[in-house]
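Numbering follows full-length UniProt numbering, with no gaps: position 186 of the sequence shown is 186. Ideal Cβ placement from N, Cα and C applies to all residues, glycine included. Following: one structure in structure tokens, then a few remarks.
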Amino acid sequence: MSTSSPELRSASSSPVLEARQLTKTYRMGAVEVAALRGVDLDLDVGELVVLLGPSGSGKSTLLNLLGGLDTPSSGRVRFHGRDLTGAGERTLDRYRRKHVGFVFQFYNLIPSLTARENVALVTEIARAPMTPEEALDMVGLGRRLDHFPAQLSGGEQQRVAIARAIAKCPELLLCDEPTGALDRNTGIVVLEAILRVNRELDTTTALITHNAVIADVADRVLHFADGRIAESRLNPIRRAPTELVW
Ligand code: ADP
Ligand code: MG
């Protein structure tokens, strides 16, 4: 079991990411959906935050705004104090490519490329500090380098997706329901890979899940409801994924 003290960490460093009064309204013709209604959030270096809440409560919208995949209707996102809101597409593009790793529920691997080649696509573009082999080794797939996605299990494919996200050593790892399509045992292996990255690379991690049990691995748990953070609590002790019962 690993323990951590988010209070100590946050006292000693400024946040990696600050969201202030974020709102997001989607417009589809005459219909408006207020997906986020004023979210404030600081993410500290190396922190692992879990986002819980019912479907439609705004979790993915927030993650997309934090990762620069979309822009807020109002409010600000700052990365190391630097305002990303209205910074222009080039700055946002550099931010996404250099500093943010995304992992989604469905792995989005390229079927015609091997595990190594899927990761290499990113390491070449981002001039990553890790080789594809190192990144795949970190998620326990050092012996599956030349397998194609169709030859890998769901959990293995998700770990390739994690390797692809972390090979550039991003400061932020944003995971949207990474275990959503996986059974318990596979989900645990995937969570362990995410936790290892978080611990060994000090990657600040935000993880969305439907599964409240998973929240026990976090430093902090945010409960979303109706476009807002309804509750935020610190976990005194992080649980290891193998201790989770679901
Ligand atoms: P969650 O991830 O918590 O399930 P989302 O952030 O995906 O919630 O969605 C929040 C709300 O915004 C929902 O009502 C959803 O239907 C709506 N929404 C999300 N993305 C879009 C979009 N691209 N266009 C229109 N509405 C959207
Ligand atoms: Mg979602």
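Item checked: Strand pairing of Thr204, partner residues [DSSP] -> Position 204 of the sequence shown, counting from 1, holds the residue named residue 204. Paired residues: Leu172.
Margin query: Quick check on this structure: which residue in Ala128, Gln157 and Glu124 has the alpha carbon closest to the alpha carbon of Gly140?
Written below: Numbered from 1 along the sequence shown, position 140 holds the residue referred to as residue 140. Closest option to Gly140, Cα to Cα, is Gln157.
Note to self: List, from N- to C-terminal side, the beta strand (DSSP E) runs of 3 residues or more that fit wholly inside the segment 29-97.
What the structure shows: 31-43, 48-52 and 74-79
Margin query: To the nearest angstrom, how far is the alpha carbon of Phe106 from that of Ile162?
Written below: Position 106 of the sequence shown, counting from 1, holds the residue named residue 106. Position 162 of the sequence shown, counting from 1, holds the residue named residue 162. Cα to Cα, the separation comes out at about 12 Å.
Next item on the list: Give every residue of the same chain whose Cβ lies closer than 6 Å to the Cβ of Val245, excluding the five residues on either side of it in the sequence, and list them in chain order.
Entry: Taking the sequence shown and counting its residues from 1, the one referred to as residue 245 is at position 245. So the list is empty, once near-sequence residues are dropped.
Next item on the list: Would you tell me roughly how many angstroms separate the C-alpha atoms of Pro111 and Ala150, rounded to the nearest one?
Entry: Position 111 of the sequence shown, counting from 1, holds the residue named residue 111. Position 150 of the sequence shown, counting from 1, holds the residue named residue 150. Cα to Cα, Pro111 sits roughly 7 Å from Ala150.
Margin query: Within a Cβ cutoff of 8 Å, which residues of the same chain sit near Ser2, ignoring the five residues on either side of it in sequence?
Written below: Position 2 of the sequence shown, counted from the first residue, corresponds to residue 2. Unreliable positioning characterises Ser2 in this predicted model, as indicated by a pLDDT of 41, which lies under 50. A coordinate reading is not provided.
Notebook entry, point to check: Exposed or buried, what is Ser60 when buried is set at 16 or more other beta-carbons lying within 10 Å of its beta-carbon?
Noted result: Position 60 of the sequence shown, counting from 1, holds the residue named residue 60. Answer is buried; the Cβ neighbour count reaches 16.
Check: What do you reckon, is the C-beta of Ile35 under 7 Å from a heavy atom of the ligand ADP?
Finding: Position 35 of the sequence shown holds residue 35. For clarity, residue 35 is Ala in the given sequence; the question names Ile instead. With a threshold of 7 Å, the Cβ atom of Ala35 counts as near the ligand ADP, since some heavy atom of the ligand is closer than that.
Item checked: Residues of its chain near Leu63, where Cβ-Cβ distance is below 7 Å and the 5 sequence neighbours each way are ignored -> The count along the sequence shown starts at 1 and reaches residue 63 at position 63. Leu174, Asp176, Ala206 and Ile208, listed in sequence order.
Next item on the list: Count the other C-beta atoms from every protein chain shown that fall within 10 angstroms of the C-beta of Ser232, then say buried if there are 16 or more, exposed otherwise.
Entry: Position 232 of the sequence shown, counted from the first residue, corresponds to residue 232. It is exposed - the Cβ of Ser232 has fewer than 16 other Cβ atoms within 10 Å.
Check: residue 252 to Val50, Cα distance in whole Å?
Finding: An answer regarding residue 252 cannot be provided, because it is not within the stretch 1 to 246 covered by the chain.
Next item on the list: Answer yes or no: do His147 and Thr114 have a C-beta to C-beta separation smaller than 8 Å?
Entry: Mapped onto the sequence shown, residue 147 falls at position 147. Mapped onto the sequence shown, residue 114 falls at position 114. Closer than 8 Å, so yes.
Margin query: Between the alpha carbons of Ala230 and Val160, how many angstroms are there, rounded?
Written below: Your numbering for residue 230 matches position 230 in the sequence shown. Your numbering for residue 160 matches position 160 in the sequence shown. One C-alpha to the other measures close to 34 Å.
Check: Near Ser10, what residues of its chain come up, given a Cβ to Cβ distance below 6 Å and the 5 sequence neighbours on each side ignored?
Finding: Reading the sequence shown from its first residue, position 10 is the one you call residue 10. With a pLDDT of only 44 at Ser10, under the threshold of 50, the placement of this residue in the model should not be trusted; the figure read from the coordinates follows. Once the five neighbours on either side are set aside, the close Cβ partners of Ser10 are Asp44.
Note to self: Can you tell me whether Leu182 is helix, strand or coil according to DSSP?
What the structure shows: The residue labelled residue 182 in the question sits at position 182 within the sequence shown. Residue state, collapsed to three classes: coil.
Margin query: Are there any heavy atoms of the ligand MG lying less than 7 Å away from the beta-carbon of Lys24, as far as the coordinates show?
Written below: Position 24 of the sequence shown holds residue 24. Not so, every heavy atom of the ligand MG lies at least 7 Å from the Cβ.
Check: Taking Thr203 as the reference, which of Pro72, Phe102, Tyr26 and Asp216 has the closest Cα?
Finding: As a working note, residue 203 is residue 203 in the sequence shown. It is Phe102 whose Cα lies nearest to the Cα of Thr203.
Margin query: I'd like the ranges of any alpha helix (DSSP H) spanning at least 4 consecutive residues and lying wholly in the segment 91-170.
Written below: Complete alpha helix (DSSP H) runs here, min 4: 115-125, 132-138 and 154-166.
Checklist line | Residues sharing a beta bridge with Thr23, DSSP | finding: Indexing the sequence shown from 1 puts residue 23 at position 23. In the DSSP output, where bridge partners are listed per residue, Thr23 has Arg37 and Ser74.
Check: With DSSP run on the structure shown, which of helix, strand or coil describes Glu177?
Finding: For the purposes of this step, residue 177 is taken as the residue at position 177 of the sequence shown. Coil at Glu177, not helix or strand.
Check: Quick one: does the C-beta of Phe102 sit closer than 7 Å to a heavy atom of the ligand ADP?
Finding: In the sequence shown, residue 102 corresponds to position 102, counting from 1. Annotation for Phe102 indicates a beta carbon at 7 Å or more from all heavy atoms of the ligand ADP.
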